[in-house]
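Here's the structure, in C-alpha cells; my notes come after.
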Amino acid sequence: MLCAHWSRLRRVSSRSCCATALRSTHSSTRLSSSPERIMKTFCSVWLLLSVVELSPAQEPPLPETAEDMASTGDLEPTHYPARRAAQVALHYLNTRHGSPFRVFGLQQVHKASAEDVEAGGRKYKLDFSVTDWASGSAGPALRCSADVLFPRTERHSAPDVKLRCEALQQINRTVQEEEAFYQKHIPPDSAVSARDIPDSYGNMSEEMQPFWRLARVAASFIMLRESSENTEFNMVQMASVTQQESSEEQLMLEFVVLLHDLPSQEIVQWKLLASWSPDRGVRVLQTEWQPRCPHATKPPN
Amino acid sequence: MRLYLAVFALLAAVHCEELFNGDQVLRINAESEDQIQILKKLERDVDSGLDFWTHAVSTEQPVDIRVPHSSLYAVKDFLKKNNIPFTVIINNVQERLVREREEMVRNAEMESKTKSFNFAAYHDLETIYNFMDTLANHSKLISKVKIGSTYENRSMYVLKFSTGGEKRPAIWIDAGIHAREWISHATAVWLADQIAKDFKENRAPVPSILSKMDIYLMIVANPDGYVFTHRSSNPLYRFWRKSRSATSNPKCHGVDLNRNWDAEFGGPGASDDPCAEDYRGPSAQSEIEVKNIAKFIMSHGNFKSFMTLHSYMQLLMYPYGYIGIDAPDQTELHDVATMSSKALNSWHGTVYKVGSIFHTIDQANGASVDWAYLRGIKYSFAFELRDTGKYGFLLPADQIVSTARETWFALRYIMKYVCDHPY
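Read top to bottom, the protein sequences are chains A and B.
Following our numbering, the numbering of the first sequence begins with 68 at its first residue and continues without gaps.
Following our numbering, the numbering of the second sequence begins with 198 at its first residue and continues without gaps.
Shown next, in the form of C-alpha cells:
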C-alpha cells in the first residue's frame, strides 16, 4: 500500500542516517571534532532532502538498516535480519512443497551470514530448521539451508532463493488425504465458500483447515514476491474463499488473504486466484492488491 | 497449626457460638531457664484451662497461650509476679474467628465466581471489568485503582496486589496496549487469578514477593481499541492496533500507544503518518492513555520493574528499542531474560528468543520499555506471546491457559529476581 510503502522507504534511508548521528552522539565525548561535525551536517542535509522527497534515482546506496552497517559476515541467528531472510526461504519452500495438508513454519535459525554482491544486492546464507504446521507439535523438524538474494534495484524485484532441505522426499506423504480432498471438491456441484477463517476467536473447523492451508500456500507466492530485507510477512487470516468452476481438472479457488508485515505492523489485503490438484500442486494465476488505507491510490512496487 | 485450630474452633462455634468470647492469646518471651520451668509446670497443670498453642521449650522461642476470659486476670497477675514478659497477640479470639470465617466465606464465594469464569475464552471489556471487580471485592490483597480515562471516556483500571506498607517497591505489568493482541489481555486475566490463588495457597515465591513488594497489573491498557476490535468480525475492526483518537487526517484514527512514550520520540522507529499502524502521534504522551500510565508510575516513584505483554512472535526483549547500542545493564538483563525464557520453556516446551527490541524486532521509538528504563526502572521487559505466525493475532482460545501458565513461569522468575536484587 502506497502510504505505508512511502513512509517505509523514507524511514529506511533516514533511519541509518539518524542512527549514525545518534551513535556518534552517544559514543563520542568530543562532539565538536571535525569528522563528527561533518557527519552530523551530512545527516541533517540528508534528512532534509528525504523530507523533500527527491526522486528515487538520486538516492545514494546507503545500507538499508543500521543493523547491516555493523554486520557483514556472520549474523546473529536470533536477530531480525537472519530471521527475515529465513522467512523468505520459507515462503519459497511453501510455494514448492505446500499443499492442503502441508504448510511449513520456521522453527529456528541455526547459522546465518550475509554479504554484499555485485549489482548492489545482498546475499544471505542460512542454516535453519522448519516444521510442518499440519502435523502439530508432534512433527519432526527438517533441516534446511538456503541462499537468499535480495536485489537492490530502483524498483522492487522479488528475492531469489536457492533451497535445500534434507529428507524432504522422505517426510510422510499425505497422498491419501490430498486425493480424498480433491475428489470431494472437484465435482461440478462443489461450491465451497467461507469467510473469516479463523474467526476473531481463533476458531477454524476441521473442514476449513485444508482450504486455509491452500490459502497460506497461495499467499506464499505473494509474500515471496513482495519480500525485501525490510519486510517480514505472515498470513493472519483467510478473509474469504470462493470456489470457482474447475478448469483442466484443477480445483479453482479465489482467495482474499490478509497479510501482516511485522516491521510496519500493516495489514495488507490481496485477492488471488489459485489452482490446485494433487499432481500439479498450487499455482497462482492472478493476484490483485486491495486497498485498505483510505488515501492509497496504487499498490506498492 | 493455628489454622487447624481455627477450623476446629469454627466447627465448634457452629454448635456453640460464643465459645471463645473474650479469650486472649498471650505471647510469652521467657528470659531464663527458671521461667521456662515455671511455664512447663503451668502447661502440665491440666485443670488450669490454659491452651498452649506452642510449648515451652527454650528461651529462644516464644510461647503462645490461649487464656480463657475467666482466667485472664489471674494468669496475667501470675506472669507479672514472676517477671515473665508477655504481650497480647490476639485480643479477642471469638472476634478473630468470626473474621476468619467471614474471610473463608468470601474466598469460597470468589472461588465459585472465578471457578465459573471461563479462562479459556476471550472476553469483552465489560466481562473483564466485572471479573476485576470480583477479584477486588473478595480479597484483601487486591484493590482496583482507577488511573484515569481514555479518549472515549472509558475508565482505565489497574489491579493492585499488596499486603500493606506505604508505596512499597513495585512491579508493573500491562497487557493489551495493542488492541488486536487478544492473547495478552486473556493472559493477564488468568495471571490476576493465579497471583491471588498462589498468595492464598501460600505458594512460593508469591507470598514472599508480596511481603516486600506490590504488584500492579493493568489488564487492558487500551480499552477503546479493545472495544473496537469486538465491534464486528470485519477485519477492519478485529485487527485494530492503535488508540481511537481523532488525528489530523479525518479519514484515519488512532495512535500506536507503544510509540507515543517520551523515549527518543520522533525518531525513525515510528511513523508520522496518522494512517500508519505505528503512527507515533503528534507529540510524546499526546495520548491520554499513555499520559495516565506515565503519570501514575512517575508519581508513585518506586517502581523497580516494568513489563509489557504483546503478541505475537514468542520473544522476550529488553531495552533499547530506539537504538542498537547495548543498554548499560545489557548483560544482566540478557541473563535474566534468558533464565526467564528457560522457565517459560519448562512448562510446555515453547521456545522464546531473547534479545533487545532493536535487534530482535526492529527499531522502535517512543516505546514504553525504553521509557521505563530511561526513567531508572532497570528491570524492563517486553513479551511477545504465542505464536510464531501460524495463527498470529487469531490464537485459538484453547491455547490461552497454557500460554498464560508458561508466561507466569517466566514472570515469576523475573519478579523473584527483582525482589532478590533491590536497588
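Positions of the beta carbon are idealized from the N, C-alpha and C atoms, including for glycine.
The beta-bridge partner set that DSSP reports for A/CYS232 consists of A/CYS211. Within the DSSP secondary-structure output, B/ASP261 pairs in a beta bridge with B/ARG224.
B/SER468 and B/LEU506 have their alpha carbons spaced roughly 22 Å apart. Residue-level contact by beta carbon fails for B/LEU407 and chain A, as no gap is shorter than 7 Å. Under DSSP, the beta-bridge partners assigned to A/ASP183 are A/ARG189. Note that the C-beta distance between A/PHE168 and A/GLU245 is below 7 Å. Residue nearest to B/GLY586 within the set A/VAL176, A/ASN301 and A/TRP337 is A/ASN301 (criterion: CA-CA distance). Ranked by Cα distance from A/LEU281, the first of A/ASP263, A/LEU320 and A/ASP141 is A/LEU320.
The beta carbons of A/THR162 and A/VAL284 sit about 7 Å from each other, so the pair counts as a contact at 8 Å.
Shown here, B/ALA601 sits in a helix according to DSSP, grouped into three states. The beta carbon of A/SER344 sits closer than 7 Å to those of TYR249, GLU316, GLN317 and LEU318, all from its chain and outside the five residues before and after it, given in chain order. Residue environment analysis places B/ALA271 among the exposed positions, since fewer than 16 neighbouring C-beta atoms fall within 10 angstroms of its C-beta.
The Cβ-Cβ distance between B/VAL551 and B/THR535 falls below 7 Å. Nearest neighbour of B/SER508 by Cα position, chosen from B/LEU530, B/LYS539, B/SER442 and B/LEU582, turns out to be B/LEU582.
The beta carbon of B/PHE462 sits closer than 7 Å to those of ARG477, ALA481, ASN562 and GLY563, all from its chain and outside the five residues before and after it, given in chain order.
Non-local C-beta neighbours of B/THR347 in its own chain, meaning closer than 7 Å and more than five positions away in sequence, comprise MET353, PRO420, ASP421, ILE485 and GLU486, ordered along the chain. Taking each of B/VAL295, B/ILE368, B/ASP532 and B/ILE392 in turn and checking the Cα distance to B/MET329, the smallest one comes out for B/ILE392.
Taking a beta-carbon distance threshold of 7 Å, A/ASP263 counts as an interface residue toward chain B. Counting only Cβ-Cβ distances below 7 Å, B/GLY552 has contacts in chain A at THR145 and HIS146, in chain order. With a threshold of 7 Å between beta carbons, B/ARG435 makes contact with chain A. If you draw a straight line from the Cα of B/MET514 to the Cα of B/LEU294, it is about 48 Å long. Proximity to A/ASN297 across A/VAL323, A/GLN304, A/ASP328 and A/LEU173 peaks at A/ASP328, based on C-alpha coordinates. At least one CB atom of chain A sits nearer than 7 Å to the CB of B/GLU474. For B/HIS335, there is no enclosing alpha helix (DSSP H), as DSSP gives it neither H nor E.
Taking the Cα positions, A/SER295 is about 14 Å away from B/ASP559. DSSP places B/ILE368 inside the beta strand (DSSP E), whose first and last residues are 367 to 372. In chain order, ALA372, LEU506, LEU582, ILE597, THR600, ALA601 and THR604 place their CB closer than 8 Å to the CB of B/THR384, counting only its own chain and leaving out the 5 sequence neighbours on each side. Taking the Cα positions, B/LEU223 is about 25 Å away from B/SER408. Using a Cβ-Cβ cut-off of 9 Å, B/GLY362 is close to nothing in chain A; its nearest Cβ partner there is about 38 Å away. Residues of chain B whose Cβ lies closer than 7 Å to the Cβ of A/ASP266 are, in chain order, SER430.
In this model, A/ARG240 and B/HIS335 are separated by some 56 Å (Cα to Cα). With a cutoff of 7 Å on beta-carbon distance, A/TYR147 and A/VAL228 are scored as not near each other.
For a Cβ distance threshold of 7 Å, residue set GLY586 and GLY589 of chain B lies close to A/ASN301, ordered along the chain. Taken in chain order, the members of the region 305 to 332 of chain A whose beta-carbon sits within less than 8 Å of a beta-carbon on chain B are ALA306, LEU325, HIS327, LEU329, PRO330, SER331 and GLN332.
Between B/TYR517 and A/MET275, the alpha-carbon positions lie close to 42 Å from each other. Judged by DSSP in its simplified three-state form, B/ASN455 adopts helix.
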